[in-house]
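Numbering (the numbering used here), first residue to last: 3 to 285. All C-beta atoms in this analysis are idealised placements derived from N, C-alpha and C, irrespective of residue type, glycine included. Since the structure comes first, as structure tokens, the remarks are kept for the end.
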């Protein structure tokens with residue numbers, strides 16, 4: 003349970019490391035991460051990760067939940083900000099002080115979110131890029147935006163995430179569409195209309211990455227998209243593929259390419275995009 007609001011944040015500061023601050027920011031931005039995702043991004047040893055997560059929970063900085071697994075047992079722990087974590091992030095970003103009640107409601111909403119599986123899938127895509135960058139010094143995940151941040155910045159689209167991925171001196175921007183396999187493919191294709199609108203307004207011409215649930219679904223999507231005209235570059239891969247590798251199949255091509263090898267155009271200034279400063283895109 004979250005610690006009382008009466009506990010001073012200043013008394014917790016000596017216990018917060020730079021890695022802890024990174025984790026708090028990740029959870030502030032992306033709501034929920036599993037133990038495995040936190041381990042792969044921030045720790046070397048799984049046991050060290052588990053111990054630290056428990057310590058941060060005891061401090062009230064984190065909270066956690068998990069569900070029963072079909073067939074018996076439990077799913078992994080899902081981690082989110084605890085009350086003190088909400089307070090810390092609010093102070094860091096000059097937001098209003100949260101109450102214990104609002105912090106508790108935040109955890110309840112996230113744990114009961116009917117789209118939790120989809121959220122964790124979208125987060126997993128960026129977790130894998132983060133892990134790849136840890137293992138390859140020339141690679142960097144320069145930006146990881148959630149669906150909420152992406153919609154706020156670009157407005158006309160509702161992507162599941164947006165990123166900037168760099169390898170050496172090459173940088174590609176992209177929009178993520180994480181597919182659970184539950185939507186009709188016609189509805190999936192219709193999402194491209196909003197990206198077309200963004201490009202017509204002078205926005206970035208980033209590839210839209212459809213991360214699909216199966217090879218069969220990927221093949222059917224390419225059949226639907228084949229021969230269609232449009233300005234939106236599209237590439238596909240499946241969930242079992244590592245997104246940084248040569249797994250992306252651009253629509254209309256026959257060979258798979260690396261993420262860093264996809265075409266990317268930052269576009270021209272648009273009136274409501276704060277990332278453009280005097281006509282220059284600021285990543």
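Host alpha helix (DSSP H) of residue i (start-end)
| i | result |
| --- | --- |
| residue 34 | No alpha helix (DSSP H) contains residue 34, which DSSP labels as neither H nor E. |
| residue 88 | 85–94 |
| residue 164 | Premise fails: residue 164 lies in the beta strand (DSSP E), 163–169, not in any alpha helix (DSSP H). |
| residue 60 | 48–60 |
| residue 103 | 102–113 |
| residue 18 | Segment: none, residue 18 is in no alpha helix (DSSP H) and carries neither H nor E. |
Candidates the options, of which the one nearest residue i by Cα
| i | options | result |
| --- | --- | --- |
| residue 14 | 44, 40, 57 | 57 |
| residue 9 | 193, 62, 33 | 62 |
| residue 211 | 249, 59, 113, 96 | 249 |
| residue 188 | 220, 201, 174, 24 | 220 |
| residue 254 | 262, 235, 247 | 235 |
| residue 174 | 118, 196, 53, 246 | 246 |
| residue 17 | 38, 178, 74, 87 | 87 |
| residue 102 | 89, 94, 95 | 89 |
| residue 201 | 23, 24, 25, 158 | 158 |
| residue 161 | 116, 92, 209, 91 | 209 |
| residue 372 | 262, 191, 71 | Not covered by the structure: residue 372. The range shown for the chain is 3 to 285. |
| residue 146 | 197, 140, 165 | 165 |
| residue 64 | 36, 217, 193, 117 | 36 |
Cut-off 6 angstroms between Cβ atoms - residues of its own chain near residue i, not counting five sequence neighbours on either side
| i | result |
| --- | --- |
| residue 48 | 41 |
| residue 32 | 125, 148 |
| residue 69 | 77 |
| residue 21 | 44 |
Below-9 angstroms beta-carbon distance, residue i vs any chain D residue
| i | result |
| --- | --- |
| residue 265 | In the structure shown, chain D cannot be found, because there is only a single protein chain. |
Spatial neighbours of residue i in its chain, beta-carbon cut-off 7 angstroms, leaving aside the 5 residues before and after
| i | result |
| --- | --- |
| residue 142 | 135, 168 |
| residue 120 | 180, 182 |
| residue 38 | 78 |
| residue 43 | 129, 132, 133 |
Same chain only: Cβ atoms within 8 angstroms of residue i, ignoring 5 sequence neighbours per side
| i | result |
| --- | --- |
| residue 243 | 249 |
| residue 66 | 55, 59, 79, 80, 81, 82 |
| residue 214 | 181, 183, 220, 223, 238, 239, 240, 241 |
| residue 276 | In this prediction, residue 276 has a pLDDT of 48, which is less than 50 and means its spatial position is unreliable; what the coordinates show is noted afterwards. Correct list, in chain order: 155. |
| residue 228 | 253, 254 |
| residue 92 | 98, 99, 100 |
Residue burial classification, residue i (beta-carbon count within 10 angstroms, cutoff 16)
| i | result |
| --- | --- |
| residue 100 | buried |
| residue 266 | buried |
| residue 138 | exposed |
| residue 122 | buried |
| residue 206 | buried |
| residue 12 | exposed |
| residue 29 | buried |
Residue span of the beta strand (DSSP E) that contains residue i, given as start and end
| i | result |
| --- | --- |
| residue 214 | 210–214 |
| residue 64 | 64–67 |
List, from N- to C-terminal side, the beta strand (DSSP E) runs of 3 residues or more that fit wholly inside the stretch 127–193. 141–148, 163–169, 172–180
If you scan the stretch 200–269 from start to end, which runs of the beta strand (DSSP E) of 3 or more residues do you find wholly inside it? 210–214, 236–240
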